[in-house]
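Working notes for the structure below.
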Amino acid sequence: YIESFDSLVRNNDWLREKIGAGVSGNDINNDAKQQIEQLGELNLDQALVKEAWENFPESTLGQALNQQLSQYLAQAGLDRYTIPLVTGWVAWGTYEYIDSLLSYEPEDILSSFSLATAAAQQTGATRKYGNIESYLTEQISPNPSDSYRLQLWKVLGEDFKIPNIYVPLKAQLLDSNGKVKEYANPVNLESWAKQQLANPDKNGQVMFIQDRA
Numbered sequence: 103y104i105e106s107f108d109s110l111v112r113n114n115d116w117l118r119e120k121i122g123a124g125v126s127g128n129d130i131n132n133d134a135k136q137q138i139e140q141l142g143e144l145n146l147d148q149a150l151v152k153e154a155w156e157n158f159p160e161s162t163l164g165q166a167l168n169q170q171l172s173q174y175l176a177q178a179g180l181d182r183y184t185i186p187l188v189t190g191w192v193a194w195g196t197y198e199y200i201d202s203l204l205s206y207e208p209e210d211i212l213s214s215f216s217l218a219t220a221a222a223q224q225t226g227a228t229r230k231y232g233n234i235e236s237y238l239t240e241q242i243s244p245n246p247s248d249s250y251r252l253q254l255w256k257v258l259g260e261d262f263k264i265p266n267i268y269v270p271l272k273a274q275l276l277d278s279n280g281k282v283k284e285y286a287n288p289v290n291l292e293s294w295a296k297q298q299l300a301n302p303d304k305n306g307q308v309m310f311i312q313d314r315a
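Following my numbering from start to finish, the sequence shown increments by one per residue and tops out at 315.
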């Protein structure tokens with residue numbers, strides 16, 4: 103769970119700006135680091151382990167960890183609408199790290215969890231974060247599992263993909279009346295969009311980007 107949280111912070115510019123580099127980073131103060139590390143000190147019995155294995159985000163363990171992480175995020179200044187989004191993704195991302203740990207276990211341990219693993223994978227794919235992750239992977243990512251969609255990302259007649267020849271887009275900013283700011287320099291659209299998304303003063307706004315040939 104802690105590794106999942108760390109990974110989310112490292113890969114999210116807005117979160118990293120808000121709370122530092124994560125638990126393993128140097129930007130987080132010692133008190134906060136100790137509070138997060140205490141997440142791994144809960145006692146588990148067999149029933150709680152089974153429940154967590156089958157549906158970690160909704161399990162007693164998952165909810166307890168989410169609650170402690172929520173308290174830390176609130177202290178870091180995140181609002182009550184953003185906190186459940188963060189804890190939800192952290193809980194969902196925990197599955198990946200559980201799988202990586204199991205690769206070091208003996209075969210008899212793995213076989214005892216095989217049915218529970220299959221059930222968790224089957225039900226997890228239809229839940230909220232599973233649906234979102236599936237959409238991002240299959241519809242947005244240049245590395246979908248579907249061979250037809252994978253070919254759509256490739257440049258015609260070549261082995262490389264469109265992202266390999268990506269050129270950052272320049273955009274012209276508009277004023278409040280929708281007119282081009284004639285004396286303003288064009289901006290790198292990707293960098294500008296990230297800055298806007300990370301700006302706490304823009305939280306209540308919706309971004310529209312219009313392309314014109």
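Positions of the beta carbon are idealized from the N, C-alpha and C atoms, including for glycine.
Minimum C-alpha distance to K272 - residue among F158, L291 and L187:
Numbered from its first residue, the sequence shown carries residue 272 at position 170. Minimum Cα distance to K272 is reached at L291.
Y183 versus Y285 - alpha carbon distance
Position 81 of the sequence shown, counted from the first residue, corresponds to residue 183. Position 183 of the sequence shown, counted from the first residue, corresponds to residue 285. Going from the Cα of Y183 to the Cα of Y285 covers about 38 Å.
Which same chain residues end up closer than 7 Å to V192 when comparing Cβ atoms and leaving out the 5 residues on each side of it in sequence?
On the sequence shown, residue 192 is found 90 positions in, with the first residue counted as 1. Closer than 7 Å at the Cβ level, and outside the excluded window around V192, lie Y103, S106, F107, L110 and L171.
I'd like the span of the alpha helix (DSSP H) that includes A166, first residue to last.
As a working note, residue 166 is residue 64 in the sequence shown. Element bounds for A166: T162 to Q177.
Other residues of its chain near T162: CB distance less than 7 Å, five sequence neighbours each side excluded:
Position 60 of the sequence shown, counting from 1, holds the residue named residue 162. Excluding residues within five positions, the ones whose Cβ falls inside 7 Å are L150 and E153.
Measure the alpha-carbon distance for R112 versus D248 and round it to whole angstroms.
Here the question's residue 112 lines up with position 10 in the sequence shown. Here the question's residue 248 lines up with position 146 in the sequence shown. If you take the alpha carbons of R112 and D248, they lie about 29 Å apart.
Tell me which residues share the same chain as E119 and place their Cβ nearer than 6 Å to its Cβ, disregarding the 5 neighbours each side in the sequence.
As a working note, residue 119 is residue 17 in the sequence shown. Within the same chain, E119 has close Cβ partners A300.
With distances taken between CB atoms, is the gap from F158 to I200 smaller than 9 Å?
Numbered from its first residue, the sequence shown carries residue 158 at position 56. Numbered from its first residue, the sequence shown carries residue 200 at position 98. Yes, these two residues count as a Cβ contact at 9 Å.
Where V151 sits in the DSSP three-state scheme:
For the purposes of this step, residue 151 is taken as residue 49 along the sequence shown, with counting starting at 1. Helix, per DSSP.
Just confirm the distance between the C-beta atoms of P246 and K263, as a whole number of angstroms; I'd bet it's less than 8 Å.
Translated into positions along the sequence shown, residue 246 becomes position 144. Translated into positions along the sequence shown, residue 263 becomes position 161. With 8 Å as the limit, P246 and K263 do not qualify as a contact, their Cβ atoms being about 11 Å apart.
Where the alpha helix (DSSP H) through S247 begins and ends
As a position in the sequence shown, residue 247 is number 145, starting the count at 1. Unbroken run through S247: none, as it is neither H nor E.
Using the C-alpha atoms, what's the distance from P265 back to P288?
Taking the sequence shown and counting its residues from 1, one reaches residue 288 at position 186. Taking the sequence shown and counting its residues from 1, one reaches residue 265 at position 163. The straight-line gap from Cα to Cα measures roughly 22 Å.
Rounded to whole angstroms, what's the CA-CA distance from V257 to S202? Just pull it up for me.
By one-based count along the sequence shown, residue 257 stands at place 155. By one-based count along the sequence shown, residue 202 stands at place 100. Roughly 34 Å separates the two Cα atoms.
By a C-beta neighbour count over all protein chains shown, 10 Å radius and 16 as the cutoff for buried, is D129 buried or exposed?
On the sequence shown, residue 129 is found 27 positions in, with the first residue counted as 1. Here D129 scores only 49 on pLDDT, less than 50, and its place in the model is too uncertain to base an answer on.
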